[in-house]
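Visitor: Heads up, the sequence shown is in this note's numbering, so the first residue is 147 and it goes up one at a time. Beta carbons are placed, not taken as given, at the ideal position from N, Cα and C, and that holds for glycine. Here the structure is a predicted model, which means the values were calculated and not measured. First the structure, which I've put down as structure tokens, then a few questions once you've had a look.
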Amino acid sequence: MSTFIIAEAGVNHNGSLELAKKLIDVASEAGADAVKFQTFKADKLVSKTAQKAEYQKQTTNASESQYDMIKKLELDESAHRELIRYCGDKKIRFLSTPFDHESIDLLSNLGMEIFKIPSGEITNLPYLRRIGGLGKEVILSSGMADLGEIEDALDLLISSGTPKENITVLHATTEYPCPMNEVNLRAMRTIASAFGVRVGYSDHTNGIEVPIAAVAMGASVIEKHFTLDRTMEGPDHKASLEPDELCAMISAIRNIEQALGNGVKKPSKSERKNMAVARKRIVAARPIRAGESFTSENIAIKRPGNGISPMRYDEILGQCSTKDYEEDEPL
Numbered sequence: 147m148s149t150f151i152i153a154e155a156g157v158n159h160n161g162s163l164e165l166a167k168k169l170i171d172v173a174s175e176a177g178a179d180a181v182k183f184q185t186f187k188a189d190k191l192v193s194k195t196a197q198k199a200e201y202q203k204q205t206t207n208a209s210e211s212q213y214d215m216i217k218k219l220e221l222d223e224s225a226h227r228e229l230i231r232y233c234g235d236k237k238i239r240f241l242s243t244p245f246d247h248e249s250i251d252l253l254s255n256l257g258m259e260i261f262k263i264p265s266g267e268i269t270n271l272p273y274l275r276r277i278g279g280l281g282k283e284v285i286l287s288s289g290m291a292d293l294g295e296i297e298d299a300l301d302l303l304i305s306s307g308t309p310k311e312n313i314t315v316l317h318a319t320t321e322y323p324c325p326m327n328e329v330n331l332r333a334m335r336t337i338a339s340a341f342g343v344r345v346g347y348s349d350h351t352n353g354i355e356v357p358i359a360a361v362a363m364g365a366s367v368i369e370k371h372f373t374l375d376r377t378m379e380g381p382d383h384k385a386s387l388e389p390d391e392l393c394a395m396i397s398a399i400r401n402i403e404q405a406l407g408n409g410v411k412k413p414s415k416s417e418r419k420n421m422a423v424a425r426k427r428i429v430a431a432r433p434i435r436a437g438e439s440f441t442s443e444n445i446a447i448k449r450p451g452n453g454i455s456p457m458r459y460d461e462i463l464g465q466c467s468t469k470d471y472e473e474d475e476p477l
């Protein structure tokens, strides 16, 4: 099964429709399945006095409030329609994470079929109930959450009308960038085992190796932030992949998908031709005359392997030769 790869543009468009389209171009050319933005009304998302996260203070004007930062990054309905149209042209799925009820309704009315719930909303009962009631596909990020909180969110989504089989839970660590020693990738398997749901991984580490490892561990969805340029001003650029890195990650994931195979252990099509070359057979160690017994002194095991298998060595010892053999001649 192919991993569903979400290239997370988020707010890295800096409020510019032109930049947003360039991000769509990059995601499409890299081979992502979806490009995801964020849909919100600043007035509904944060209070005027809300402080920025530490990583946001380092990547934006520290004296600016979170509200003022967020307000500049809003996309209105016409921008959404234009981006959805452009994604259609580029043959990539448009996704966006809603952060308030009005945004949920907007995205639903625009026909979005997969709703991505961010980690910060996993404890938001009215929000979860609203999305659960849509009965759509749901991808639930679980950064900052423990198993009990994930269970409560799943119960609420399911009781509101979303079938369990429509839900994928993403393991995540909500820090930008996430330290390697706090990734805890094995927790993804813990989630799968605890709840019997599809799982994936939303990555905030620097680099591309952790999402690749997640695919090898069974992730069905991978989400990763990307940007046109990590040095741009904005809250998320610094912890995002640049275009060439996004291409490298997706290429590596597609290779790993092929490499995982079907789990049946048997000779592959390409290696069968090498069996005779790499394996060995029983041969005469020296000239042997008819009627002579085979012993450890007069038989040997050598390449190539198109003859009697060395696994029959004990069976051959002590038998009498029915013909003459020259040195290295297979029995």
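On the CB-based measure, 16 or more other CB atoms within 10 Å of its CB, does D382 come out buried or exposed?
Guide: It is buried - the Cβ of D382 has at least 16 other Cβ atoms within 10 Å.
Visitor: So V367 and G342 are supposed to be a Cβ contact under 8 Å. How far apart are they, rounded?
Guide: V367 to G342, Cβ: 16 Å. No contact.
Visitor: Restricting to Cα atoms, I'd like to know which of K237, L271, L221 and L274 is closest to L252.
Guide: Comparing Cα-Cα distances from L252 to each of K237, L271, L221 and L274, the minimum goes to L221.
Visitor: May I have the straight-line CA-CA distance separating P456 from E475, to the nearest angstrom?
Guide: The alpha-carbon atoms of P456 and E475 are separated by roughly 14 Å.
Visitor: Give the secondary structure of V410 by DSSP, where H, G and I count as helix, E and B as strand, and everything else as coil.
Guide: The answer is coil: DSSP assigns V410 none of H, G, I, E or B.
Visitor: Under 8 Å, with one C-beta from each stretch per pair, do the stretch 428-444 and the stretch 462-470 reach the 3-pair mark?
Guide: Result yes; three or more Cβ-Cβ pairs closer than 8 Å.
Visitor: Evaluate Q404 with the Cβ neighbour count: other Cβ atoms within 10 Å of its Cβ, from every protein chain shown; 16 or more gives buried, anything less gives exposed.
Guide: Counting Cβ neighbours within 10 Å, Q404 comes out exposed, since fewer than 16 surround it.
Visitor: Is P264 buried or exposed, if buried means 16 or more other CB atoms sit within 10 Å of its CB?
Guide: Flag for P264 reads buried.
Visitor: I need the straight-line Cα distance from L392 to G353, nearest angstrom please.
Guide: Cα to Cα, L392 sits roughly 10 Å from G353.
Visitor: So, A360 versus H371, is the Cβ gap smaller than 8 Å?
Guide: The answer is no: Cβ separation not under 8 Å.
Visitor: Which residue's Cα is closest to the Cα of M395: E295, A176 and A166?
Guide: The shortest Cα separation from M395 among E295, A176 and A166 belongs to A176.
Visitor: Taking the continuous alpha helix (DSSP H) assigned at V329, which residues delimit it?
Guide: V329 -> no alpha helix (DSSP H), and no H or E assigned at all.
Visitor: Could you give the uninterrupted runs of the alpha helix (DSSP H) lying entirely in the stretch 382-457, keeping only those of 4 residues or more?
Guide: Segments of the alpha helix (DSSP H) lying fully in the stretch 382-457: 389-406 and 421-424.
Visitor: Please report the straight-line C-alpha distance between V157 and L219, rounded to a whole angstrom.
Guide: Distance between the alpha carbons of V157 and L219 is about 6 Å.
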